[in-house]
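These notes are about the structure you will find just below.
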Amino acid sequence: MSHVESIVLDKIQEGLNKQHGLKVNFILHCIHQRKISGAGTMEYKDTHFKTKNEIILKMTDRNKYYFRVKTKLTNEMQDFQVKQSQWCLKTIVALELCINKFIPLRGASYINLPKFIQLKHVVITCRLNVKNEDNKCFIWALLSALHPAERDPQRISKYKICEHV
Numbered sequence: 003m004s005h006v007e008s009i010v011l012d013k014i015q016e017g018l019n020k021q022h023g024l025k026v027n028f029i030l031h032c033i034h035q036r037k038i039s040g041a042g043t044m045e046y047k048d049t050h051f052k053t054k055n056e057i058i059l060k061m062t063d064r065n066k067y068y069f070r071v072k073t074k075l076t077n078e079m080q081d082f083q084v085k086q087s088q089w090c091l092k093t094i095v096a097l098e099l100c101i102n103k104f105i106p107l108r109g110a111s112y113i114n115l116p117k118f119i120q121l122k123h124v125v126i127t128c129r130l131n132v133k134n135e136d137n138k139c140f141i142w143a144l145l146s147a148l149h150p151a152e153r154d155p156q157r158i159s160k161y162k163i164c165e166h167v
């Protein structure tokens, strides 16, 4: 995996040149083999080792990140060989690099809930989604939970009296 490091890091950098952040994960595709006892023939198995999606920002140390990925995938492959009976690595077929756009949640103001969540009629949709135009959405969410309004819980005017308590 070391011989593709520069290619991988270049691809991540290309993505970061277009986006502020990325979600990145890897899938290592391998073929393992083992000798079938008594038969004298070989058995082959396609194996896949994955990493979780990780957020990569422009300030992320990509060399450290790649080292962690390489270590995790190598350890998983070694664990497979130890725990599974007599499997040996035959070949690495591919290292798949999955790059996705990272869109962080914004918490500065009111965000209308998607219709499918609104239709569920759960407590959170009524109390914690107060319509506001300022940067105090967290305060309004807390106040709406601590001092529930009987009518129109989404209106900010229901919680203004509690704002400075």
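Numbering (my numbering), first residue to last: 3 to 167.
Using N, Cα and C, we set each Cβ at its ideal position, and we do this for glycine too.
Identity of the residues DSSP links to G23 by a beta bridge:
L59
Can you tell me whether Y68 is buried or exposed, with buried defined as 16 or more other CB within 10 angstroms of its CB?
buried
Between the C-alpha atoms of K74 and F140, what's the straight-line distance to the nearest angstrom?
37 Å
8 Å contact criterion, which F118 and M79 should meet: CB distance rounded:
Wrong, their Cβ atoms sit about 41 Å apart, outside the cutoff.
Is I198 helix, strand or coil when you go by DSSP?
There is no way to answer for residue 198, as the model of the chain reaches only from 3 to 167.
Quick check on the DSSP output: the alpha helix (DSSP H) that includes T73 runs from which residue to which?
R64 to K85
Taking just the CA atoms, how far does S159 sit from L148?
15 Å
Assuming K117 is part of the alpha helix (DSSP H), what are its boundary residues?
K117 to Q120
Report the rounded CA-to-CA distance for Q83 versus N65, giving the unit in angstroms.
27 Å
So which of F104, P150, M3 and T93 has the shortest CA-CA distance to R36?
T93
Report yes if the CB atom of L179 is closer than 7 Å to the CB atom of L30, and no otherwise.
With the chain covering only 3 through 167, there is no way to say anything about residue 179.
Taking its Cβ as the centre, do 16 or more other Cβ atoms sit within 10 Å of V95, making it buried, or is it exposed?
exposed
For E152, the three-state DSSP class (helix, strand or coil)
coil
Where I94 falls: helix, strand or coil (DSSP)
strand
If I'm right that N27 touches K60 with Cβ under 8 Å, what's the distance once you round it to whole angstroms?
Between K60 and N27 the Cβ distance is about 19 Å, and since that is not below 8 Å, they are no contact.
Relative to the alpha-carbon of Q88, which residue among L144, I58, E45 and E16 has its alpha-carbon at the smallest distance?
E45
Going by the beta-carbon positions, is the gap between H34 and L107 smaller than 7 Å?
no
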